[in-house]
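Q:
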Amino acid sequence: MDFIIFLTLLLLGYGFGTWAESRHYKSIEKREIQYQKLPTIALKHPLPQKGKVVKVKLASGNVVISVDYFKRFLAALRNIFGGRVSAYETLVDRARREATLRMKESCPGATQIINVRLETASISKNSKKGSVGSIEVFAYGTAITYR
Amino acid sequence: MEYSGKLPTSNVNVSKRTPLQELLILLGGVLGICLIFYLCLGWAVDYSIQHISPEEENELYALMKLPAGEEEKAAGRTLAVQTLLKELQKCAPLPYQVSINVSDSKQVNAVAFPGGHILVFSGLLDQVSSENELVFVLGHELGHFKHRDHLRSLGRGLVLWVISLFLLGPDNDVGDFLFSALGVANRTHSRQQESAADEYALEVLNCHYGHVGGSTKFFEHLRDNNQTPEILKYYSTHPSDQKRIDDLNALAIKKNYKVASVKPWVVAAN
């Protein structure tokens, strides 16, 4: 009986996880093209730009993404042998890109965002039974608007 | 320098391998390793139980609390069953102090507890039509003692638990998975134990009566009343009733056991 429950969870995790991931990636790619022309850089100084600075503000974007049962199982198996935890790679990748996008969306009209930093935190780190592992990515930078 | 916003053409941060592929490789590896461990340690258990005396076994099980069951009020049948068991022991010499009790329950079953105690449920006594049938059931339980099946299952259960604990720590998803996967393998082993106990019961029956009449009666009744769906039998700890009947008949022919008329079981409940 436990085995059946486990298999169901695994299948549900795989099914919904894959579905949610492909949907998320589609949305990310679409919005990345939309914000392609907004310079988002890690430099401390703005890129040379004509015009006058009219607005400077802290731009930030934040996202929390949860791991599904299938990915968690795969990562736990990986724990035994070691190596690249490719199951989590897409998870972290999505979180970083989503947080960056949200940061861009938070400052409409900005000319560039400089000094961009990414912070990550894992929520419910200790994998106690029943707890859901999720990752938080926080992106922030300085949005400058020229006129 | 002019800023040109370009998106990367490929994503270097994500592996190309599909997760299902990875799952199969990892799972195969883990299960393979565990199976090898389990088989080796299983053999070690089978080897070492020969060196555990019944006294030590009793001490071991005294640490655990086992259900005793409610005793049947009427002592008549208990006494009859006890006398029968005493006679049977001439045919089944065991290093145990075998004792038996009747438990007041509707279940049609008998259970062998570690240390040589047998519990017969009154439902079984209500149902048996002949003494031979009852002797077969008792012989089956004596077979479990003879083969030290308690120690075997305890040992294998322990092995299973230790593997899971060592590899993965307590409360782990993978551990639970392994436990159920290897548990199925364990059930195959348990089915073999049941078949071996059946074989022993047949020997006891033949020794006691000089023939094996009534040996399959108990299972025939179970089979006719069984409503377990076919698919669940894979999970079962006991072989299917029909298979047990067929095996017993084949064994009786192979060993040239005679079949004669059975002795009726006439002891009433009170």
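These protein sequence lines map, in sequence, to chains A and B. Each residue of the first sequence is one higher than the one before, starting from 1 at the first, in the numbering used here. Each residue of the second sequence is one higher than the one before, starting from 1 at the first, in the numbering used here. Virtual Cβ for every residue (Gly too), placed ideally from N, Cα, C.
1) Can you tell which of B/155, B/109 and B/129 has the C-alpha that lies nearest to the C-alpha of residue 44 of chain B?
2) Need the endpoints of the alpha helix (DSSP H) that residue 86 of chain A sits in, please.
3) Who are residue 117 of chain B's beta bridge partners in DSSP?
4) Please tell me whether residue 5 of chain B has its Cβ less than 8 Å away from any Cβ of chain A.
5) When you compare only the Cα positions, how much space is there between residue 151 of chain B and residue 96 of chain A?
6) List, in chain order, every chain A residue whose beta-carbon is nearer than 7 Å to that of residue 152 of chain B.
7) Can you list the residues of chain B that residue 86 of chain A reaches, using a CB-CB cut of under 8 Å?
8) Ignoring anything shorter than 4 residues, give me the alpha helix (DSSP H) runs that lie fully in the segment 203–227 of chain B, in order along the chain.
9) Between the Cα of residue 222 of chain B and the Cα atoms of B/213, B/210, B/208 and B/239, which residue gives the shortest distance?
10) Can you find a CB in chain E that lies within less than 8 Å of the CB of residue 117 of chain A?
11) Touching or not, the segment 7–17 of chain B and the segment 136–144 of chain A, by the rule of three or more beta carbon pairs under 8 Å?
12) Looking at chain A, is there any beta carbon in it that lies within less than 8 Å of the beta carbon of residue 143 of chain B?
13) What's the C-alpha gap between residue 194 of chain B and residue 144 of chain B?
14) Does residue 112 of chain A pass the burial test, meaning 16 or more other C-beta atoms within 10 Å, or should it be called exposed?
15) Please report the straight-line C-alpha distance between residue 50 of chain B and residue 13 of chain A, rounded to a whole angstrom.
16) What number of angstroms, rounded off, separates the C-alpha of residue 123 of chain B from the C-alpha of residue 157 of chain B?
17) Mind listing the chain B neighbours of residue 93 of chain A? Cutoff is C-beta to C-beta under 8 Å, in chain order.
18) So, is residue 144 of chain A buried or exposed, given that buried needs 16 or more other C-beta atoms within 10 angstroms?
19) Kindly indicate the opening and closing residues of the alpha helix (DSSP H) around residue 71 of chain A.
20) For residue 249 of chain B, does the three-state DSSP call read helix, strand or coil?
21) 8 Å is my cut-off, CB to CB: does residue 80 of chain A come that close to chain B?
22) Do residue 112 of chain B and residue 141 of chain B have their C-beta atoms closer together than 8 Å?
23) Quick one: give me the first and last residue of the alpha helix (DSSP H) that residue 44 of chain B is part of.
24) Where does residue 123 of chain A sit, in a helix, a strand or coil, going by DSSP?
25) For residue 103 of chain B, is the classification buried or exposed, using 16 other Cβ atoms within 10 angstroms of its Cβ as the cut-off for buried?
26) Under 8 Å between the Cβ atoms of residue 80 of chain A and residue 137 of chain B?
27) Whose CA, out of A/123, A/99 and A/117, lies closest to the CA of residue 44 of chain A?
A: According to the structure shown:
1) Numbered from its first residue, the second sequence carries residue 44 of chain B at position 44. The shortest C-alpha separation from residue 44 of chain B is found at B/155.
2) Within the first sequence, the letter at position 86 stands for residue 86 of chain A. Its alpha helix (DSSP H) spans residues 86–105.
3) Translated into the one-based positions of the second sequence, residue 117 of chain B becomes position 117. B/99 and B/113.
4) Taking the second sequence and counting its residues from 1, the one referred to as residue 5 of chain B is at position 5. Yes, residue 5 of chain B counts as interfacial toward chain A.
5) Here residue 151 of chain B is taken as the residue at index 151 of the second sequence, counted from 1. Here residue 96 of chain A is taken as the residue at index 96 of the first sequence, counted from 1. Distance between the alpha carbons of residue 151 of chain B and residue 96 of chain A is about 55 Å.
6) Translated into the one-based positions of the second sequence, residue 152 of chain B becomes position 152. By Cβ distance, chain A contributes nothing, its closest Cβ being about 23 Å from residue 152 of chain B, past 7 Å.
7) Position 86 of the first sequence, counting from 1, holds the residue named residue 86 of chain A. Correct list: 14, 15, 17, 19 and 22.
8) 217–225
9) The sequence position of residue 222 of chain B within the second sequence is 222, counting from 1. Cα-wise, what sits closest to residue 222 of chain B is B/239.
10) Of the chains in the structure shown, none is chain E; the protein chains are A and B.
11) no
12) Translated into positions along the second sequence, residue 143 of chain B becomes position 143. Not closer than 8 Å to any Cβ of chain A, the Cβ of residue 143 of chain B fails to qualify, so no.
13) By one-based count along the second sequence, residue 194 of chain B stands at place 194. By one-based count along the second sequence, residue 144 of chain B stands at place 144. Near 8 Å, if we compare the C-alpha coordinates of residue 144 of chain B and residue 194 of chain B.
14) Counting from 1 along the first sequence, the entry for residue 112 of chain A is found at position 112. The residue is buried, with at least 16 neighbouring Cβ atoms inside 10 Å.
15) Here residue 50 of chain B refers to the residue found at position 50 of the second sequence. Here residue 13 of chain A refers to the residue found at position 13 of the first sequence. The alpha-carbon atoms of residue 50 of chain B and residue 13 of chain A are separated by roughly 47 Å.
16) Locating residue 123 of chain B in the second sequence gives position 123, where the first residue counts as 1. Locating residue 157 of chain B in the second sequence gives position 157, where the first residue counts as 1. Cα to Cα, residue 123 of chain B sits roughly 30 Å from residue 157 of chain B.
17) Looking up residue 93 of chain A in the first sequence gives position 93. By Cβ distance, chain B contributes 11, 13 and 14.
18) The sequence position of residue 144 of chain A within the first sequence is 144, counting from 1. Residue 144 of chain A should be labelled buried.
19) Along the first sequence, read from residue 1 onward, the residue named residue 71 of chain A stands at position 71. Taken as a continuous stretch (DSSP letters only), the alpha helix (DSSP H) holding residue 71 of chain A covers 69–81.
20) Translated into positions along the second sequence, residue 249 of chain B becomes position 249. Reduced to three states, the DSSP call for residue 249 of chain B is helix.
21) Against the first sequence, residue 80 of chain A aligns to sequence position 80. With 8 Å as the cut-off, residue 80 of chain A counts as an interface residue toward chain B.
22) Here residue 112 of chain B corresponds to residue number 112 of the second sequence, with the count starting at 1. Here residue 141 of chain B corresponds to residue number 141 of the second sequence, with the count starting at 1. Yes, these two residues count as a Cβ contact at 8 Å.
23) As a working note, residue 44 of chain B is residue 44 in the second sequence. Counting along the chain, the alpha helix (DSSP H) containing residue 44 of chain B begins and ends at 19–48.
24) As a position in the first sequence, residue 123 of chain A is number 123, starting the count at 1. Three-state DSSP puts residue 123 of chain A in a strand.
25) Counting from 1 along the second sequence, the entry for residue 103 of chain B is found at position 103. So residue 103 of chain B counts as buried.
26) The sequence position of residue 80 of chain A within the first sequence is 80, counting from 1. The sequence position of residue 137 of chain B within the second sequence is 137, counting from 1. No, Cβ-Cβ distance for residue 80 of chain A and residue 137 of chain B is not below 8 Å.
27) Numbered from 1 along the first sequence, position 44 holds the residue referred to as residue 44 of chain A. Of the listed residues, the one whose Cα sits closest to residue 44 of chain A is A/117.
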